[in-house]
Each structure stands twice: as structure tokens, then as C-alpha cells.
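First up is the structure itself, then whatever we jot down about it.
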Amino acid sequence: MNEQEKKKYLDEYKKEKEKGVPFFPDIIFKDTIAALLIFIILAALAYFVGAPLEARANPADTTYTPRPEWYFLFLFQALKYFPGKLEVIGAMVLPGLLILLLILLPFIDRSPKRHFLNRPFASISAFVVVAGILYLTIASVREAPPPQEAIVVDKAAALYAANCANCHGPSIDVPVGTDLHQVIAAGTHEGMPAWGGDLGTDEIDALAGFILSPNGSAVFTKYCAVCHEQPLVASGNPVELQRVFDEGVNYPSHEGIEAANWAESLTDTELNGLLNFLAAPDGQRLFVINCSGCHGQAVGYNGTEEELTELITKGGQHLDMPAWKGTLSEKDMDALTSYVVDPAQNSGGATLFGQHCASCHGNKVPKAPDKESAIKIISSGGAHITMPVWGDILTVEQLDALVQYTFAASKGGGPAAGANLFAENCSDCHGKSGQGGLNPSRHGDIIAPISSSEYLKTRDDATIRNIISFGQPDFGMSPFGAENGGALDDEQLDAVVAFIRNWESNPPAEAPAANAEVQPETPAAPSPNLTSLTGAQLFTIACARCHGPAGEGDVGPAFNTKEFQSKLDDQALFDMISYSRAGTDMIAWTDKLSKSQIELLIQYIRTLDPNYAASLTYSGRVSAILEANCNTCHNPEKLRGGWDSTSYQSLMTSGDNAPAVIPGNAANSLLARSILGQGSQMPPIGSLSQSDIQVILDWIAAGAPEN
Amino acid sequence: MDKSEGKQLGRRNFMKVAIASIGGVIGAAIGLPAIPYIMGPALQKESDDWIQLGSISKVELNIPTLFKKTIETQTGWIDTEEEISAYVLTSNGQDYVVMSNVCTHLACRVRWIPEQDSFFCPCHNGVFAKDGAVVAGPPPRPLDRFESKVEDGVIFIKRG
Amino acid sequence: MLAKIGDWLDERFSWREVWAAIFERKVPHVNWFYTLGSATLFVAINQAITGILLTLYYVPTPDHAYDSVVYITTQLPFGWLIRGLHHWGASAMVVLTVLHLLRVFYFGAYKYPREATWITGIILLLIVIGFGFTGYLLPWDQKSFWATTVGTQIIGLAPFVGDWMLRIARGGRDISAVTLARFFGTHVWILPATLAALVGIHLYLVIRIGITGVPKKDE
């Protein structure tokens, strides 16, 4: 464009402007209309389409197919045509050239021609470029991979992975009928914590469901988790679940959900898995959910397992309630019906309910809408409760678990088996009902009751199980677990634990007076002719041959020396007698003598101490015994029975029936009578050891000297 | 000429009015929504909804059963996930009591210890009975209870 | 009263002169294609306003970006509108700028005496693309993250300096908090400042020189 052409253009433009219109409002008006149009389009897009937002950026997600924004798609697509090292041409060189060309355009195209038809080359080139960009963009959109489906996480699986997989690996094989919920909540085996405090009931249920039916969890995740939050599973009640499947889209809360015809859209295997996941085939849990509402917490059942299976599977009307009309007085009827209508307000009927109804209704009070209907139902009785046909509702796995649990529970299972084992293995030391007694393997030691509520409250099952399994060598209890050389296998251990635990809810019948059980009978009883012998006689028979008739020593060491008596305490002596001594001819006397007889022996051996008579003083041996056994109650503060045993002076003079000690007269001394269990048994928790009793009796007989 | 000039003037006036109106409309369309948009967070009110705890079929008679429900409270876009834990207790299958598991002493979490038939607070050895009453330890009052209702076998609570 | 204020202001600002120079100048008869430029300006203003409103809530860090965008979109009253206008406005900017460029090209408006207007226009187009590229990462969702990964990767293809430029663009080897922060800074400070300056020059030139008429067949 030369100067002349420039001038010509400027002149023509000036004329054109003069013929034209004012910028405002004519041009601005058009602009405003255009702006309004664009604004409406933008607002409509914002309203109807919205600004898209995908999942949060996840740099670790390698499966995501990256897509640039649409106006970069042409460039993205172009790169596909420039493989390998040529890529830089598509990505950099061509776009760079295009931009450079655009910037330089006014200097390249310097002709004065303005109408596009008058500069065909430029027009066509630009058209080709625009068409090319459009083509690439469209091609890119058409080649776009299908959008990815959102991945829903199997939360039950995650829960399992986080809490269980560390110890249990990817899956757990659970025997049919295991109460998995209880196992998880209470943590029944070694090293397994009780999750009940950390996980909610829903979470535990989800876990149990997952462990028993991981496939069901997957089905849940796939079909249900869209609406139902996991592990807050929809319902654990099989009856409700069956309704969901039966009613499909007509199920109240599934109304209007197209996919809700689950019974049709899921395969049988999927359905079964799903049911097993939602209501884990876990006998006790199923019983609690399905049966205890009517049956309470336990059933009595006498038939065979097959009959029980049939009964549960077929269901039907099996509960015939008697007509209570004639049986109950009007007053009772009134109290009972009021109670049924509103248990909280009318607790007076609770006793009646317990008497008459609880045997069938368990502890679940049936709901009655008002008093009238309650009276009607109770007075007339009849088959008013129909048991559901469980065969149609439960899966095979669930039925199996339920039958097994119910059958075992009705047979008294666990605790009953434990009772026999306890009698065989434990009652020797712990007493028939765990009341404790003298520790036969540790002199002067008393085994505290293990059936007391204090004891059971403060020890969980795992602790008790460990004690039994590993024993308590420090207290003379040998290991009973098979792993530790004992006689009980895992199942038996559990049974014993269950039996012991059972005392908590069913305290053992009041233990007989402790003195009657001072010396528990031993099953490994020695030959009858030895049972009634005294310590001295026993010594003559068993020990004198080697240790001399007066314990003066022969093959074996002498007993009547200070060294011997002070070297071995009672426990060491007990062990010495009980077990064979390597390198000597000493045999293990446990085979021949009972524990109590060994104690008698020890007591006799102690009297051989040259210092025995000399040690029979208050300050010598008596104060120690009193301190260990009596001073807790008989001290200046508590002063039980008015007696203070903490000093020689007070023990000889104080007491409601003072004196407690008549020097030289053991038979009439209150102290002697008490420790022998004549009159009131002292100490109340269990008798003193034989040797301690002997010391006190001998001391009183010797005149109860102070020093 | 006068006539057409007048007509021209009328048209220009119309355009000026149109420009002002359309400009006003667009301005209002962005400007008016901007006001609640800016004020938004100040106007949000706390929700007072029933919180679904779970199915009551899980609650065994006379055994406090722990339910956990994570609820999200939002301050702006920061979700504070708050876990509401509550023990649900029923003595007859009809009336349900929902107790907070927060110790009334210093807000530690209490646990139901089935062996001892009581709630135990590990912080200062507070002990609560099954119904939440203080049995031992420093707690000044029984466990707090939630307002609750049961609908279709599902128990709901309201945060108090 | 209004007239009095107008007079008072005019004495000090001479705004009537400015008004006359800008709005009362005569321009040739033009068609609807000529609204594309002003439409682009309108959308740019829309972007500025909605963008400023978005920064009231948006936080440019990886742990909050996404959540704050979700918050804006779902929790705030009319948040959907503000973000929707900004999102679609971004696309509209690109479309309108390109259409405006094509209009100028086919009407020969880049020629004498409007070469400088054209060049600032091309730079403005690049800035608009820069806005789109930097703004795209800000929601920090999957799409934006991976699109930016690929987009910045392309920078790395440049011979010799590619790797170095890639590191500058990302503020490190990978897309990270640093990338997000610098994209945000670029999007709300550097690019708007440059855009404002160039739009100023662009408009000055348009007003100073005037818009072209529709070329006649013989031109």
C-alpha cells in the first residue's frame, strides 16, 4: 500500500463516516442487544447445564483419561498425527507458526484489497485453517473414550481391611453357627481385642456379614450402596429384607426406584449372598433378631435336630396361649393388662408377667395398643401368634446357623460341658462352686473365691482363659491348657470359661459353710487305709525309713536341725515331698499321698524343729499368723467382736467374750474353737492352714507365752 | 426532512432507553444474586434435623447397644466430621432410651462393660449404671440423653 | 440538580469532551458482525465480575480448592450462577475472540491504518487462551488436574529448553500445590493486568482510528 492508496482509503473512510451513524446510541444499541443475547445464553447454560465438576483431583489415579478443555482439543488431536519425535512439530512448531503468521499478517498482506472475494488466497487459506481446526475438534470429541463410571467403595471390605486383615489375612473360615457378632464385639480369643468399644453395632454387623459373605458385600456395594450408606446397612432383619424383595418397587421406601425389582434383576446367587451379608448367618444373632422377640432369650426344646429344622423351616401356628380368664384374679388381670399396655408406667404387673407369661414370651413384653384389647387377648388365649415360615425367608446358611445355635442352646451347650470339666479339673482346689479354700500347694495361702461377682467383673474371658491355660505357677496352679502341657484343649478351655462366666448371671447356690470344705476331696485319693492317719503316723510309714524314726536323718537328711527347718519354707517342703528329687531315691509322693496328707506331714515335720517348742510364743510364731489372718478385722479401728489381735496385751484381754485365750486350755479358748470351726468359723474367708492351726493350739496349750 | 429527523430522534431516544434498560437488566441479573452470594454464609442456620441412628432390631433387651453415626458439620467447605456415638437401651422393646457416651465429668468417652453391667469412663474412673445414673466417681450428673423417636423400626435422635 | 452536578464535574473533568469523543463520534454503517468485539468485551467484564466474586470463597490450595469450589457451587445462594457464568463465559470468550478475529480478517480490517489494533488483538487472543489454561486447573478436580498434566507436558516438548520451561510452568517436576498457586496468581493478577492494559490500547486504537465500514465488492 503506497502513500497514494493510503490517502485514498482515508478519504473514502472519512466520507463513509460522515454518512454513518453516531456511535451512541446506534452502535451501542446493537452491542447491547448482542450482549443481552450472550448473557441469556450464558445464564441458561449455567442454569441448565451448570459448571461441571468431577471428582477431586487424585494424582495417584492412573486410570483417568486426561482430556483438555474443548478449545484445546484440536491441538490435542493434532498431536496424534505427529508420532514420536515429530510430536514437537504438532505441539509447538505449527501453533507457533500460526500465531506468528497472525501477528505478521498486516505486513505480509499489504495489498489495498479489502473485500474477501478480492483476496481469494488469504480467504481460502483462512477457511482451510478454520475448517481444519473444526475437523480436528470434532474428530477428537468423537474419539473420546466413554466417561468412566463412578467407583463406589465397598466399605465393609475397607472396614475388614483396616481392622481384621492384619491378623486374619484376606478371609476367615468361620464354622457354621459361630456367634460372629459376639466374637468381634467381645474379642474372644487370645490377642484379639474386644472391638465392641471401638466399632458401632452396625459396623460389627457389616463386618460379620462381610466375613461370612464377601460376595454379598460386593453385591450390596454395586446395587444398594448408591442409596444406602454402608456400613449402616439397610436392615439386618430377614423378614424386612424378604419384604423388600417380594414387594419390589411397591416396597414403601423403594417406591419410584426403577431398579428396585431386585428379585428379578439379581441372580439367585447374588440374592443369597446379599441376604447372607445383610443378616449374617450367625446363629445367636439370628435368634436375637428373629426369635427372641417371642421366645425371649432362650428356648426349651426336647426334639431332635431334624425336627427342629423342620419346625423352624415350616413355621406356622405353634403357640397356643391358654385362656387366662379363670386362672387370674380380676385384680391380677388388671395389673397385668395395664403392664402390657404401658410397662414403664405400670411396673406392678412385672411380677405377674414374670410368673405367668415370661416362660413363653421371654422378657419381651408383647405390645398391646390399649387395655381392652389386652384383656381380650389375655382372657381368651388361643393361637394368637403365628410363627413365620422361616424356610421362605432365611437362606440355607442362615437356617443352618439358626438351627445349630437353637439346638445347642436348648441342650444347654457350652456351660453344661464346662461344668463337668470344672468338676474334674478345678473343684479340688477351687471348690465345687468356685468358692475357694486352702491352697493345697502353698501353705498358709487361701484361694479366694472365683465365683464372686467381684472376681468375675474384673476379669474378662480372655484373662480367665489365660489363667487356666498357663496356670499360675507362683500360686501353685499348674497349666491346664493342652498347649502348655495340660489336659484341656481349646474347646474345653472355652467351655470351662463359659461355665465360670455363667456364675456371674447365675451365682452358685450359697456355698456350704467353708469349714465343711476345708479339705476338698481329691479324686486322686490315696489308698483308703492311709486316709485317716495322723501326721505322726504318716511320717512313720512314709519318711522314717530314710529320714529316721524321729527325723534324725539316715539315708536322707535330718529334719531335727535348725538348718533344715530354716532352709525350707512350707512351700519348698511341699514341693520337695510332692515331686521326686533328681539324684536321690526320694519318690514323688503325690502318687501315694493326697495334698492334705502331705500338709499333715509338713505340719508334723515342723514339730521336729528343735526350736519348735521355743518358738511357740506370741512374738515367735503367733503374732505373724495373727497379723496375716486376723488383724485386718480385729484391730483397734474395726474391733470386730470387740477383739483386738494386734498386740499380746489386747489379744489376751479384749473381746466381747473375753478372754479369747485361756492359757493352757486350748479346748475352751474361743480363739482355738473359732479357728477349728467350732461355733463361728474364723477367718470367715476360709480356714487357716493345718500347721498354723497346730501352732496356735500348741501355743495355747503351752500357756500362751508372750516371749 | 423535519419529519424524518423527528422520527430519527424518536428512534434514538428509544434506543437510549433500551440500552439503559437492557444494561440495567444485565446488571441486576449479576448484581442482585451477588448480594445473597456474598451474604450467604452469614445467613445459614444450624440444622435441627432428626439424625438416623440405625435399626432397632440390633438392640437387645437390657443391653446398651452402641450406635455410631458420623454427621458432618460444615464451616464453609471445611467438613468437620463429627461422630455421634450413642448407647441405645430398651427394657421392654417398646421404649428406647438413647444415651450419649460422653462422660458428664470431663467429656471422655464412656464404654459399656458388659461384665460389670455398667458404663466405665477410663479418664477418672467414673462409673454409670445401665440407665446412665452415676454409680461411682466424679461425674456430676447422669449420662446425657438424646431426644429420640422410633419410626418403622429405625431409631432417630435429635442433638440437644 | 443532576445537570448542575454534571456541570460542576465537567468544569473539572471535561467529561463531556471525552464523552463526545468516544460516544458521539460518527461511525460508518455496519452490520451485526460488528458486535462481536463489544460482545467479547462484555464477556470479559462478566468474567472479571464473576471472577472477583469467586475469589471471595475460592482457596487455591490442593486441600481446599476442590472443597471450596463445591461449596460455592452447592452451598452458596446463586453460587451455581456465579460459577456457571464464569465457566461458560470462559468458553464464550474463546469463541467470541476467534469469531471477532475472523470477522476482522474477512472484512480486511487488519489493514492500514489498523495494523497495531490487529497485533494487540492477536496478543489479547493469546491472553484469553492463557486465562483458559490457567483457570482450568483451579477447581482441582480430576479433569482439571489431568488436563493440566497433559497441557504442561506439551510445553516440555519444546527443543532444548522444554524441560526447563516445564519446570517453570509447574513450579517443580509435578503438578503440585506450587502449580496451583502460580496458576491462580497468573489467572487473577498477571493475566488480568496485562489484559486490562492491552484492552485499553486496543480500544484507544479503535476509537482513535474508527471502525472500518463493510468493504464494498470493488474494495
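Chains as they are written, first to last, in our numbering: chain F, 1 to 707; chain V, 1 to 160; chain H, 1 to 219. Virtual Cβ for every residue (Gly too), placed ideally from N, Cα, C.
Check whether the Cβ atoms of residue i and residue j lie closer than 8 Å to each other.
i	j	result
V/Ile71	V/Ile51	yes
F/Ile27	H/Val27	yes
F/Trp262	F/Val244	yes
V/Val102	V/Leu53	no
H/Leu53	V/Tyr37	yes
V/Ser85	V/Gly153	no
H/His100	H/Gly200	no
H/Ile175	H/Thr148	yes
F/Ala280	F/Leu212	yes
F/Ala46	H/Trp140	no
V/Pro33	H/Phe42	no
F/Gly481	F/Leu493	yes
F/Gly436	F/Ile446	yes
F/Glu305	F/Val396	no
H/Leu96	H/Ala3	no
F/Asn657	F/Pro610	no
V/Gly137	V/Cys121	yes
H/His86	H/Gln47	yes
F/Ile605	F/Gly551	yes
I need the boundaries of the beta strand (DSSP E) containing residue i, first residue and last residue.
i	result
V/Ser55	51-55
V/Ser148	145-151
V/Trp112	111-113
V/Phe120	118-121
V/Tyr96	96-100
V/Gly126	126-128
V/Lys158	154-158
V/Val134	134-136
If you count every other CB in all the chains shown that lies within 10 Å of the CB of residue i, and 16 or more means buried, which is it?
i	result
V/Met39	exposed
F/Asn224	Correcting the residue type first, residue 224 of chain F is Cys in the shown sequence and not Asn. F/Cys224 is buried by the Cβ-count criterion.
F/Gly414	Here F/Gly414 scores only 49 on pLDDT, less than 50, and its place in the model should not be relied on; the value that follows carries that caveat. By the 10 Å Cβ count, F/Gly414 comes out buried.
F/Tyr81	exposed
F/Ile696	buried
V/Glu151	exposed
F/Cys167	exposed
F/Pro523	For F/Pro523, the predicted structure reports a pLDDT of 38, less than 50, and the residue's modelled location is therefore unreliable. The matter cannot be settled from this model.
F/Arg110	exposed
H/Thr212	buried
H/Met1	exposed
F/Gly664	exposed
F/Glu674	The sequence given here places Ser at residue 674 of chain F; Glu does not occur at that position. With 16 or more Cβ atoms within 10 Å of its Cβ, F/Ser674 is classed as buried.
V/Val25	exposed
F/Gly132	exposed
H/Ala20	exposed
F/Val135	In the sequence as presented, Val is not what sits at residue 135 of chain F; that position holds Tyr. Label assigned to F/Tyr135: exposed.
If you follow the alpha helix (DSSP H) that residue i is part of, which residue opens it and which one closes it?
i	result
H/Thr134	115-137
V/Tyr87	Element bounds for V/Tyr87: not the alpha helix (DSSP H) but the beta strand (DSSP E), 78-90.
F/Gly209	201-212
H/Ala109	Counting along the chain, H/Ala109 falls outside any alpha helix (DSSP H), and DSSP gives it neither H nor E.
H/Phe13	2-13
H/Trp146	142-155
H/Ser176	Note, H/Ser176: premise wrong, no alpha helix (DSSP H); not H, not E.
F/Pro221	For clarity, residue 221 of chain F is Thr in the given sequence; the question names Pro instead. Premise fails: F/Thr221 is in no alpha helix (DSSP H) and is neither H nor E.
Just checking: is the beta-carbon of residue i within a distance shorter than 8 Å of some beta-carbon in chain B?
i	result
F/Leu180	The structure shown contains no chain B; its protein chains are F, V and H.
Is the closest heavy atom of the ligand MG to the C-beta of residue i under 7 Å?
i	result
H/Pro215	No copy of the ligand MG appears in this structure; indeed no ligand is present at all.
Checklist entry - Is the region 173-185 of chain H in contact with the region 89-109 of chain F, if contact means three or more CB pairs nearer than 8 Å? => result no
Checklist entry - Taking one C-beta from the region 127-139 of chain H and one from the region 159-173 of chain H each time, how about it: are there three or more such pairs within less than 8 Å? => result no
Checklist entry - Mind pulling the beta strand (DSSP E) runs of 3 or more residues that sit fully within the region 414-475 of chain F? => result none
Checklist entry - Taking the runs of the alpha helix (DSSP H) that are 4 residues or longer, which of them lie wholly in the region 10-81 of chain F? => result 28-44, 73-79
Item to check | Three or more C-beta pairs below 8 Å linking the region 152-163 of chain H and the region 93-107 of chain H | outcome: no
Item to check | Stretch-stretch touch, CB-based, cutoff 8 Å, three pairs: the region 98-114 of chain F with the region 24-43 of chain F | outcome: no
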